[in-house]
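Chains as they are written, first to last, in our numbering: chain A, 11 to 128; chain S, 2 to 92; chain B, 116 to 297. Beta carbons: idealized from backbone N, C-alpha and C, even for Gly. Okay, so here's the structure we're looking at.
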Amino acid sequence: MNETIGLILFVIGVLFDLFGCVGLVRLPDVYNRIQASTKCVVLGTTFLLLGTMVWVGTASAIIKGLLCIAFVLITSSTAAHALSRAAHRSGVPLAEGSVIDQYADDLQGEPGYEENES
Amino acid sequence: MLTMEFLFPVLTVGLLVCCAMCLYRIANGPLGSDRMVAIDILGTVVVGFVAIITAVSGKVYLLDVALVWALVSFAGTLALAKYLVGKRLNE
Amino acid sequence: MNQSDYKFKRKPAIERLVLFALSLVFWIMLIWPVTSVDGRLLTGDIAVGIVVAAFVALIMHNIIRVRFVRLVNPVSWFWAFVYLFVLSYYVIKGGVDVSYRVLHPRMPIRPGIVRIRSILETDTGRAVLANCITLTPGTLTIDVTDDGVFYIHWLNVLSLEEEEVAKQVLRRFEWYIKRIFE
């Protein structure tokens, strides 16, 4: 029984990982790719860790799996925040068809911010 | 069990395809920031890989590897983000 | 009250003790099967853990300030427990939503960066809210300013009215986080 539930969780996790990586290849600019990474891949890895917890089923595996899930959730969202902020600050433009960029509007007056040339 | 012996190679191949897509984006991302995003995702995928290896081999201490890998990948991404800002801004 | 100029009462001994206890709990979680096969405690492991936790409590005291009053409040623990389920619902919904947009042949995305003002006032609350926004459907926090303005990259901009945007993205978490952290 545990093995069946674990296998189902593994399959869901690998599918989400695949969708996230397809998004990494298909989506048009850096910010959209970061979105795909922090949603799909993190969710897939969480499901894989949950599957491992159910599959192994000992107390130490469950505790370490929960710690791992907490770390992956916290660190990946923080890393996504840092990467997107750094990309915007270094002048990576938004993709074609973007609706609005209020961040660039507000950053115009700040010292040290260079408008990108493209 | 048949499903287990059949399914684990399939799962492994799926994760290898994920790694291949990340490597594609690392190889010809148009900008540096695209490559950095791909490196970040590769770290997270490897954590999932370690989870599957833990389940196959039944050795729980491998989850420590996953934990440390997540932390080290996070530190590396933060360093890359700092570098990306420092290229254009003198902060 | 803003947390950055919040003056902690000078009770370094208790703060250090809380930090020491948290570090020790973390260590014990990492080495979990505390009893070995014959039921004897692993005294060596726990002794090393005590040394390391004391070291952390001594060194990191100025960096990590634990507001231990918050840790013993059962109301905030209850809301944190409820919030866990709300957050996991939104995380799964976010994954499914982004997968749908990625796999759709025409990719129905409408990206843009919008500006939202939050009602949260402490730094901890803002940090947690930023992380939660990043994990939920189609939104990604890019920057948070000192006076509580969030810049959010939205995968599918539905509206440009500030109130409407805030209702769609922010308000569903603020209510819980205000009860947990403030």
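Is it buried or exposed, Pro226(B), if we count other Cβ atoms within 10 angstroms and call 16 or more buried?
With 16 or more other Cβ atoms within 10 Å, it is buried.
Take the Cβ of Glu130(B) as the centre, count every other Cβ of all protein chains shown within 10 Å, and call the residue buried at 16 or more, exposed below.
Buried, by the Cβ-count rule.
Positions along the region 20 to 35 of chain S whose CB lies within less than 7 angstroms of some CB in chain A:
Near chain A, meaning a CB-to-CB distance below 7 angstroms, the residues of the region 20 to 35 of chain S are Met22, Cys23, Tyr25, Arg26, Leu32, Ser34, Asp35.
Check Gly101(A) in the structure and name its three-state DSSP category.
Gly101(A) falls in the coil class under three-state DSSP.
Just tell me which of Ile295(B), Arg287(B), Val229(B), Arg216(B) has its CA closest to the CA of Cys50(A).
For Cys50(A), the closest of Ile295(B), Arg287(B), Val229(B), Arg216(B) by C-alpha to C-alpha distance is Arg216(B).
Identity of the residues DSSP links to Trp269(B) by a beta bridge
Answer by DSSP bridge pairing, in chain order: Gly227(B), Thr254(B).
Can you check which of these residues, Ala128(B), His219(B), Ile224(B), is closest to Asn177(B) by C-alpha distance?
The candidate whose alpha carbon is nearest that of Asn177(B) is Ala128(B).
Can you list the residues of chain A that Thr256(B) reaches, using a CB-CB cut of under 7 angstroms?
The CB of Thr256(B) comes closer than 7 angstroms to the CB of His91 in chain A, given here in chain order.
Endpoints, alpha helix (DSSP H) assigned at Tyr62(S)
Counting along the chain, Tyr62(S) falls outside any alpha helix (DSSP H), and DSSP gives it neither H nor E.
Give the secondary structure of Val187(B) by DSSP, where H, G and I count as helix, E and B as strand, and everything else as coil.
Three-state DSSP puts Val187(B) in coil, outside helix and strand.
Would you say Leu270(B) lies against chain A (beta-carbon separation less than 7 angstroms)?
Yes, because at least one Cβ of chain A sits closer than 7 angstroms to the Cβ of Leu270(B).
Mind listing which residues of the region 229 to 246 of chain B have their C-beta closer than 7 angstroms to chain A's C-betas, in chain order?
For the region 229 to 246 of chain B, which is checked against every Cβ of chain A, the residues closer than 7 angstroms are Val229, Arg230, Ala245, Asn246.
N- and C-terminal bounds of the alpha helix (DSSP H) containing Glu13(A):
Per DSSP, Glu13(A) belongs to the alpha helix (DSSP H) from 12 to 36.
Output needed in chain order: residues of the region 15 to 38 of chain A with a Cβ under 9 angstroms from some Cβ in chain S.
Answer in chain order: Gly16, Leu17, Phe20, Val21, Gly23, Val24, Leu25, Asp27, Leu28, Gly30, Cys31, Val32, Leu34, Val35.
Would you give the residue range spanned by the alpha helix (DSSP H) that Leu173(B) belongs to?
That run of the alpha helix (DSSP H) goes 158 to 174.
Just to make sure I have the definition right: I need the residues of chain B whose C-beta is within less than 9 angstroms of the C-beta of Arg43(A). Which are they?
The premise fails here: Arg43(A) is roughly 10 angstroms from chain B at the closest Cβ pair, so nothing lies under 9 angstroms.
Look up Arg221(B) in the DSSP assignment and say whether it is helix, strand or coil.
The answer is coil: DSSP assigns Arg221(B) none of H, G, I, E or B.
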